[in-house]
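Read in order, the letters of the sequence shown are residues 1 to 510 in this note's numbering. Glycine included, each C-beta is placed from N, C-alpha and C at the ideal position. Here's the structure we're looking at; comments come further down.
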Amino acid sequence: MSRKRESGEEMSNPDTKKPCFDGPPEIKYTKIFINNQWVDSVSGKTFPTINPCTGEKICDVAEGDKADVDKAVAAAQEAFKLGSTWRTMDASQRGALLYKLADLIERDSEYLARLETLDNGKPFKDACAADLPLTIKCYRYYAGWADKIHGKTIPVDGPYLCYTRHEPVGIVGQIIPWNFPLLMQAWKLAPALCAGNTIILKPAEQTPLTALYVASLIVEAGFPPGVVNIVPGYGPTAGAAVATHPNIDKIAFTGSTEVGHLVLREAGGNTLKRVTLELGGKSPNIIFADADLDDAVEKSHFALYFNQGQCCCAGSRTFVEESVYDEFVRKSVERARRRKVGNPLDPDNEQGPQVDKEQFDKILRLIESGKKDGAKLECGGKQHGDKGFFIEPTVFSDVQDNMQIAKEEIFGPVMQILKFKTIDEVITRANNTMYGLAAAVFTSSLDKAMTVAQGVRAGTVWINCYDVFCAQAPFGGFKESGFGRELAEYGLQQYSEVKTVTIKIPQKNS
1 MSRKRESGEE MSNPDTKKPC FDGPPEIKYT KIFINNQWVD SVSGKTFPTI
51 NPCTGEKICD VAEGDKADVD KAVAAAQEAF KLGSTWRTMD ASQRGALLYK
101 LADLIERDSE YLARLETLDN GKPFKDACAA DLPLTIKCYR YYAGWADKIH
151 GKTIPVDGPY LCYTRHEPVG IVGQIIPWNF PLLMQAWKLA PALCAGNTII
201 LKPAEQTPLT ALYVASLIVE AGFPPGVVNI VPGYGPTAGA AVATHPNIDK
251 IAFTGSTEVG HLVLREAGGN TLKRVTLELG GKSPNIIFAD ADLDDAVEKS
301 HFALYFNQGQ CCCAGSRTFV EESVYDEFVR KSVERARRRK VGNPLDPDNE
351 QGPQVDKEQF DKILRLIESG KKDGAKLECG GKQHGDKGFF IEPTVFSDVQ
401 DNMQIAKEEI FGPVMQILKF KTIDEVITRA NNTMYGLAAA VFTSSLDKAM
451 TVAQGVRAGT VWINCYDVFC AQAPFGGFKE SGFGRELAEY GLQQYSEVKT
501 VTIKIPQKNS
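The following block contains the structure:
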């Protein structure tokens, strides 16, 4: 099979080392962003955002709730009304604004990477090598699409001219997660703005800082007031207000499957909204004996541990063919023990802390359940150091399908290695989950690769690679991993309505 340079390799092996910064970045924006202005919350409340390296407060951020969402919706409605600057703007100009926003993010990419590391805990070198480049590419991809969204003329029967228009859905509510704050903001904002919508976005309460900084760049880029509004706050208050608001036409949510169910119920409670969901996963990563084993070990390590294991598509069920199982386990344990954990600003470190104490405690509980259920703890399994939310890279072998760690999304640096004998068996077991977000297969056999790719029920399948993301390729899940697609042309379809227009004409000629 041909082999391209892969995004996953770029993420894990950036070309240059970035310096270690002694001090934290300056925090510039902590208020709610409505109508291109910074405002306090209506209630006057704030909430703390926490440094996961230390467990200490970084700063206080304005806490939005229903009253603030109401204000944001009113601003978005004003920006979306017929005859507004945004609605009458040429599509090519919308693209120009998105290009400008991408340029500004690129200009400030080092600051944004530092801010992301401070608020989220991810290694600075990963933010520089993955999060920022992918964010910029996403905005530029959709900038190019802005004046290429169009309908069709249709040869209907009778003396009529019939054509379709692709119109924006309207007012869009977007709720993003904490694991890739900048990138998930781009995945949401870029296609929605490209299609001409106005937006109320709620960032995760754990990581609001980069989303708010991007708001300042939205103003600098020249977007009209009210087109983008950002309301930080908690899920049960601000998030619920977005999901239930009667004047929001569409909801786009990325997060856990559990919360996805809540969003879907709330969005359909009193109004019928369009909803897209990108949710959790328990993705199978299948290693055949004919694979390049060293390559499979390294890429499986990356598939699980990248971003501290906090990836919805992490390769969290590693199925290894029986004849190479012991060797794969041995090499995977050796690699996990070499993984450097610590200060995410240090370019030598591969792994930072988990995002918060809730996630930290959940991972440690699931590690204990793995030991209790009889899986073999090969390495790790406890806190790294005595400060912050760091967890040792952990490997379990002898994992069985019915164990909690093989069924539940851990969202942390915990590898589970399972054994299989035949291709039919492993496909059946890979599909024996409520999730269907991603899957991977490592093999030198094209027949095996294509059999697995067609057999597993997942929205994305990687062959001899993992976590290869491009704005041009769609991403989304089957089953309880959600519905709808992010990215690519498919992502635009989630933000457009198709209108049919039929005109009576005197005579129709071919």
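Length of the line joining the Cα atoms of VAL169 and ALA76: When only Cα atoms are considered, VAL169 and ALA76 end up about 13 Å apart.
Which parts of the segment 121 to 188 are runs of the alpha helix (DSSP H), unbroken and 4 residues or longer, counting only runs that do not cross its ends? Runs of the alpha helix (DSSP H) inside the segment 121 to 188: 132 to 145.
Supposed contact pair ILE136 and ALA102 - C-beta distance, whole angstroms, cut 8 Å: Yes, ALA102 and ILE136 are in contact; Cβ-Cβ is about 5 Å, under 8 Å.
Does the separation of the CB atoms of ILE230 and ALA204 fall below 9 Å? Taking 9 Å as the cut-off, the Cβ atoms of ILE230 and ALA204 do not count as close.
Where the beta strand (DSSP E) through GLN416 begins and ends: Its beta strand (DSSP E) spans residues 414 to 420.
Buried or exposed for MET1, please, with buried defined as at least 16 other CB atoms from any protein chain shown within 10 angstroms of its CB. In this predicted model, MET1 has a pLDDT of only 36, less than 50, meaning its place in the structure is not dependable; the value taken from the coordinates is given anyway. A residue is called buried when at least 16 other Cβ atoms come within 10 angstroms of its Cβ; MET1 does not meet this threshold and is exposed.
Whole alpha helix (DSSP H) elements within the segment 206 to 287, 4-residue minimum: Runs of the alpha helix (DSSP H) inside the segment 206 to 287: 209 to 221, 240 to 244, 257 to 267.
Beta-carbon spacing of ALA303, ALA289 below 9 Å: No; because the gap between Cβ atoms is not below 9 Å, this pair is not in contact.
CA nearest to the CA of VAL227, picked from ALA215, ASP292, GLY235: By alpha-carbon distance to VAL227, the top candidate from ALA215, ASP292, GLY235 is ALA215.
With a threshold of 8 Å, are at least 3 pairs of Cβ atoms found where one atom belongs to the segment 404 to 413 and the other to the segment 353 to 373? Yes: the two stretches touch, three or more of their Cβ pairs being nearer than 8 Å.
Can you tell me which of GLY64, GLY44, PHE420 puts its alpha carbon nearest to the alpha carbon of GLY235? Considering only alpha carbons, the answer is GLY64.
Using 8 Å for Cβ pairs, my map puts LYS188 next to LEU201. What's the rounded Cβ distance? Contact between LYS188 and LEU201 holds, since their C-beta atoms are separated by about 6 Å, short of 8 Å.
Specify, as a first and last residue, the run of the beta strand (DSSP E) that THR540 falls within. Outside the displayed range of the chain (1 to 510) lies residue 540, so it cannot be described from this structure.
Between which two residues does the alpha helix (DSSP H) carrying GLU321 extend? For GLU321, there is no enclosing alpha helix (DSSP H); the enclosing beta strand (DSSP E) covers residues 317 to 321.
Exposed or buried, GLY482, counting other C-beta atoms within 10 Å across all chains shown (16 or more means buried)? Under the 10 Å beta carbon count, GLY482 is surrounded by 16 or more other beta carbons and is classified as buried.
When you compare only the Cα positions, how much space is there between ASN247 and LYS499? Each residue's Cα considered, the two are about 20 Å apart.
Leaving out the 5 sequence neighbours to the left and right, which residues in its chain are closer than 7 Å to TYR142 when beta-carbon positions are compared? Taken in chain order, the residues that qualify are LEU98, ALA190, PRO191, CYS194.
Given this structure, state the Cα-to-Cα distance separating THR451 from VAL426, to the nearest angstrom. Rounded to the nearest angstrom, the two C-alpha atoms are 11 Å apart.
Paired residues, beta bridge with ASP60 - DSSP: BP columns for ASP60 point to PRO48.
Would you identify the three-state DSSP class for LYS508, choosing helix, strand or coil? Here LYS508 sits in coil by DSSP.
GLN493 to GLY484 span [Cα, whole Å]: If you take the alpha carbons of GLN493 and GLY484, they lie about 9 Å apart.
How big is the Cα-Cα spacing for LEU279 and TRP38? Spanning the two alpha carbons is a distance of roughly 31 Å.
Alpha-carbon spacing of ARG94 relative to GLY239, whole angstroms: Computed Cα separation, rounded: 28 Å.
Measuring only the C-alpha atoms, how far is LYS419 from TYR435? For LYS419 and TYR435, the distance between alpha carbons rounds to 20 Å.
Below 8 Å on the Cβ atoms is my guess for LYS299 versus TYR466; work out the distance and round it to an integer in Å. The Cβ separation is near 5 Å, so the contact holds.
Which class does GLU110 belong to by DSSP, given the choice of helix, strand or coil? The DSSP-derived three-state label of GLU110 is helix.
Hey, how far is the Cα of LEU487 from the Cα of PRO181? Rounded to whole angstroms, LEU487 to PRO181 spans 16 Å at the Cα level.
Delimiting residues of the alpha helix (DSSP H) encompassing THR85: Where THR85 is concerned, the enclosing alpha helix (DSSP H) stretches over 85 to 88.
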